[in-house]
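Visitor: My questions all concern the structure below.
There are 2 protein chains.
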Amino acid sequence: MSAIINNIEIIKAKSTKINDVDFDDLKFGSVFSDHMLVCNYENGKWQAPKVTPYEPITLDPSAKIFHYGQSIFEGMKAYKDENENVWLFRPLDNFKRLNISAKRLAIPELPENYFMEGLKTLLEVDSDWIPKNEGSSLYIRPFIFASGNGFHASPADAYKFIICTAPSGAYFSGKVKVLIEEKYSRSANGGVGFAKAGGNYAGQFYPTQLAIEKGYQQVIWTDDNTHEYIEEAGAMNIFVRINDTLITGPTSDRILDGITRKSIIQLAEAENIPVEVRKISVKEVVEAAKNGSLKEMFGAGTAAVISPISGFGFKDEDFDIPELEETYASFLKKRITDIQTNKTEDPFGWRYEVK
Amino acid sequence: MSAIINNIEIIKAKSTKINDVDFDDLKFGSVFSDHMLVCNYENGKWQAPKVTPYEPITLDPSAKIFHYGQSIFEGMKAYKDENENVWLFRPLDNFKRLNISAKRLAIPELPENYFMEGLKTLLEVDSDWIPKNEGSSLYIRPFIFASGNGFHASPADAYKFIICTAPSGAYFSGKVKVLIEEKYSRSANGGVGFAKAGGNYAGQFYPTQLAIEKGYQQVIWTDDNTHEYIEEAGAMNIFVRINDTLITGPTSDRILDGITRKSIIQLAEAENIPVEVRKISVKEVVEAAKNGSLKEMFGAGTAAVISPISGFGFKDEDFDIPELEETYASFLKKRITDIQTNKTEDPFGWRYEVK
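So the sequences go chain by chain: A and B. Basically the numbering used here = 1-based index in the first sequence + 4. Basically the numbering used here = 1-based index in the second sequence + 4.
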């Protein structure tokens, strides 16, 4: 079956997998919807995107993705409200950041309409896959990788832009304990840390495994030169609350400009929560934990939304963060998810209806 | 057709592509031999390797290689001497480095016999593809990537180890002009710069494109913190000759431990060329260029062997390196390629016959 929606050709899957999915017990990003969006870059330009069945990708063994790591991605979520209307959260910010990543990785930038019309068409075709359950959503993964061939270490001449979707539950279950890293690093000054580049993630896995063996779930990265300042947690930006002030580090060429991060800053300011965007030293956090002024610590990102941190390790010492009854984390998480899921007004214009 | 050599199953290609190849006009890594070695990691272990026809790879769109950059590789060369004997150069060093890279990228380490027996079997099957022409060789590309599925940012549960080969000519044609980088960086302290990880290469493409636009072919990376010290050139380690002393920077967790690099150090020492392995400041190189004591600069790596540098740019200034009649670069290149191609004695035990 073939059709055209929003000028985009649609090749429908022969059958649906949706009846095999237990929407009451969704993991994160492990079950995939029936369709995907595919758009190829060849002969010097992005060709028209298509919706196709979710199906395997075939590549030459010399395709540069296997050798030189030219890949970038985004993470987004679609929500369905009680009237079956479908909502995205600041999708143009994801599109813009995808192109910022593309430029740094020498990947050709994508036209806005291919991204937005392609995404909307895909969501229309797979609308049944968007969960309505509280805490669940359709996780959306746009990505671009080098599909061109050859062993010369230079940018590829062909790329694939694909959007896949996966109905998903929570990224972390329960509270998270983190290790503040003092040896390994995530990114260099003048490097690609600000980009959502595949290579930024692979480099974190081994140090994270070491942290998991010590009883932590995530690593908090510090600057590679002194390890004295907190950067981000890899899959999340980091916020700390000292007394009543919410603090997060400034973005830089080492740190991802998180969309959840900047939304939280804006939300907190609108709610008259004192917010500071400035460098956070590990010393300051350790001292605050010792003298009791460290009230909260949480991660923020699309996948995890807001993920409270229950304690941290640093130099073989463990610090618990006492549980408050009313936290910024839960207050801000409710504010942001209420906006995302159309349960409240959206004074910021962040919500984007798919229709 | 199926056969067994060295305990490895061989599935032969139905026909050969070799008659389409002009062995007198070989580019670098763009024509591929008839077969490849394939070895899958699944169910917690590396399965038996097989030689198969060189053929496309099929992956799920959620395969982690597309999203999280878990990939590593090696570069090697096979040479055929006038008696049709086939030689490798220090292949066990490539094997060991592959596993060093694997560990840092949270990829399961590969058994030595799968690598060595697999490689030897592949070379036996595709022996006709090894060029005999001066300056040409069979470029060998062993690589491992994450083939397991899912959007969770964690190590994959399945991997593919593949060896492809490509009859190849020179990597660079002619002399190379380089730009000493003062803004962008290749790697972080505590990062993955010492590993042959795909992501290390993608991050270099954009700054290299900027350098190419300014008339250079390659970037010389400097440390990400001060940009005061020379690191490596991405596809090559860097040597400078000041007066009669050959100098190269020490390896670190930011710099690849190049096999050509360490062979050159040993060769130079054996030939009574004064060699120093120590930090090289950009200032020192600029001053030496100005006062005439900078006699040579060259890159060293498997693909390029030894690649003379004719000049460098730094902070909008250009420095030419005058052409000497007798250079360390050409002397050492002849010494190393004579050993590689079995034209001379090998006092170091580097050469490895494939039989």
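For glycine and all other residues, C-beta sits at the position ideal for the given N, C-alpha and C. All values reported here derive from a predicted model rather than from experimental measurement.
Out of A:TYR72, A:LYS16 and A:SER141, state which residue places its alpha-carbon closest to the alpha-carbon of A:VAL35.
Guide: Closest option to A:VAL35, Cα to Cα, is A:SER141.
Visitor: With the cut-off set at 8 Å, would you say B:LYS337 and B:VAL309 are in Cβ contact?
Guide: Yes, they are a contact pair.
Visitor: Which stretch, first to last residue, makes up the alpha helix (DSSP H) that contains A:SER267?
Guide: It spans 263 to 274 - the alpha helix (DSSP H) in which A:SER267 sits, taken as one unbroken run.
Visitor: When you check each C-beta in the stretch 189 to 214 of chain A against every C-beta of chain B, which residues fall closer than 9 Å?
Guide: Listed by position along the chain: SER189, ARG190, SER191, ALA192, ASN193, GLY194, GLY195, VAL196, GLY197, ALA199, ALA201, GLY202, GLY203, ASN204, TYR205, ALA206, GLY207, GLN208, PHE209, TYR210, PRO211, THR212 and GLN213.
Visitor: Relative to the alpha-carbon of B:THR331, which residue among B:TYR220, B:ILE313, B:ASP132 and B:GLN270 has its alpha-carbon at the smallest distance?
Guide: Looking at the Cα atoms, B:ILE313 is the closest of the given residues.
Visitor: What would DSSP say about B:TRP97, mapped onto helix, strand or coil?
Guide: It is worth fixing the name first, because residue 97 of chain B is Asp in this sequence and not Trp. Here B:ASP97 sits in helix by DSSP.
Visitor: For B:TYR58, which residues in chain A fall below 8 Å Cβ to Cβ?
Guide: The answer, in chain order, is PRO65.
Visitor: Could you give the distance in angstroms between the alpha-carbon of A:ASP342 and the alpha-carbon of B:ASP322?
Guide: Cα to Cα, A:ASP342 sits roughly 58 Å from B:ASP322.
Visitor: Let me see if you follow: with CB-CB separation under 8 Å, is A:PHE93 close to chain B or not?
Guide: Not an interface residue.
Visitor: Can you check whether the CB of A:GLY73 is closer than 8 Å to the CB of B:ALA150?
Guide: Not in contact: B:ALA150 and A:GLY73 (Cβ atoms no closer than 8 Å).
Visitor: Closer than 9 Å by beta-carbon distance: list the chain A residues that pair up with B:SER75, in chain order.
Guide: Simply ILE69, PHE70, HIS71, TYR72, GLY73, GLY202, GLY203 and ALA206.
Visitor: Does the CB of B:ASP228 have a neighbour CB from chain A at under 8 Å?
Guide: Output row for B:ASP228: interface = yes.
Visitor: Let me know if B:ASN137 comes out buried or exposed under the rule of 16 or more other beta-carbons within 10 Å of its beta-carbon.
Guide: B:ASN137 is exposed by the Cβ-count criterion.
Visitor: Taking 8 Å as the limit between beta carbons, can you name the residues of its chain near B:ASP350, skipping five residues before and five after?
Guide: Hits under 8 Å: ILE343.
Visitor: Scan the stretch 284 to 314 of chain B for residues whose Cβ lies nearer than 9 Å to a Cβ of chain A and list them as they occur along the chain.
Guide: Hits within the stretch, in order: ALA307.
Visitor: With three or more beta-carbon pairs closer than 8 Å as the criterion, would you say the stretch 255 to 268 of chain A touches the stretch 92 to 109 of chain A?
Guide: Short answer: they touch.
Visitor: Hey, would you say A:ARG190 sits closer than 8 Å to A:GLY238, going by beta carbons?
Guide: Against a cut-off of 8 Å, the Cβ pair of A:GLY238 and A:ARG190 comes out as a contact.
Visitor: Could you pull the start and end residues of the beta strand (DSSP E) that B:ALA304 belongs to?
Guide: Where B:ALA304 is concerned, the enclosing beta strand (DSSP E) stretches over 298 to 305.
Visitor: Within 8 Å, do at least three Cβ pairs link the stretch 179 to 193 of chain B to the stretch 146 to 160 of chain B?
Guide: These segments do not touch.
Visitor: Inspect the beta-carbon positions of A:ALA110 and B:GLN213 and report whether they are closer than 8 Å.
Guide: In contact: A:ALA110 and B:GLN213 (Cβ atoms closer than 8 Å).
Visitor: Note the first and the last residue of the continuous alpha helix (DSSP H) segment covering B:GLN213.
Guide: Where B:GLN213 is concerned, the enclosing alpha helix (DSSP H) stretches over 202 to 217.
Visitor: Select from the stretch 152 to 179 of chain B all residues with a C-beta closer than 7 Å to any C-beta belonging to chain A, and list them in chain order.
Guide: Listed by position, the residues of the stretch 152 to 179 of chain B near chain A (Cβ gap below 7 Å) are GLY154, PHE155, HIS156, ALA157, SER158, PRO159, ILE166, CYS168 and ALA170.
Visitor: For the 8 Å Cβ check, are there 3 or more pairs between the stretch 12 to 21 of chain A and the stretch 122 to 136 of chain A?
Guide: Cβ pair count under 8 Å is three or more, so yes.
Visitor: Name the chain B residues that come within less than 9 Å of A:THR62, Cβ to Cβ?
Guide: Result: PRO60, ILE61, THR62 and LEU63.
Visitor: Let's see if you can read the secondary structure: which residues bound the alpha helix (DSSP H) around A:ASP342?
Guide: Residues 332 to 344.
Visitor: Using the rule of at least 16 other Cβ atoms within 10 Å of the residue's Cβ for burial, across every protein chain shown, is B:LEU30 buried or exposed?
Guide: It counts as buried.
Visitor: Between the stretch 289 to 301 of chain B and the stretch 235 to 255 of chain B, are three or more C-beta pairs nearer than 8 Å?
Guide: Enough Cβ pairs lie closer than 8 Å, so yes.
Visitor: Just reading off the alpha helix (DSSP H) that A:MET120 is part of, what are its end residues?
Guide: Counting along the chain, the alpha helix (DSSP H) containing A:MET120 begins and ends at 116 to 129.
Visitor: Whose C-alpha, out of A:PRO211, A:MET240, A:PHE209 and A:TRP50, is nearest the C-alpha of A:LYS164?
Guide: Residue A:TRP50 is the option with its Cα nearest to A:LYS164.
Visitor: What are the boundary residues of the beta strand (DSSP E) that includes B:HIS71?
Guide: First-last for B:HIS71: 68 to 72, but that is the alpha helix (DSSP H), not the beta strand (DSSP E).
Visitor: Classify B:LYS18 as helix, strand or coil using the three-state DSSP reduction.
Guide: Looking at B:LYS18 - three-state DSSP - the assignment turns out to be coil, as it is neither helix nor strand.
Visitor: Mapping DSSP to helix, strand and coil, what is A:SER311?
Guide: Residue state, collapsed to three classes: strand.
Visitor: Pick out the complete alpha helix (DSSP H) segments inside the stretch 29 to 96 of chain A, 4 residues or longer, and give them in chain order.
Guide: Listed in chain order, they are 69 to 72.
Visitor: Could you list the residues in the stretch 92 to 122 of chain B with a C-beta less than 9 Å from some C-beta on chain A, going in chain order?
Guide: Flagged, chain order: LYS107, ARG108, LEU109, ALA110 and ILE111.
Visitor: Considering only the alpha carbon of each residue, which of A:PHE70, A:ALA174 and A:ALA307 lies closest to B:ILE167?
Guide: It is A:PHE70 whose Cα lies nearest to the Cα of B:ILE167.
Visitor: How about A:ALA173 and A:PHE32: are their beta carbons less than 8 Å apart?
Guide: Per the sequence presented here, residue 173 of chain A reads as Gly, with Ala not at that position. Cβ distance < 8 Å, so A:GLY173 and A:PHE32 count as in contact.
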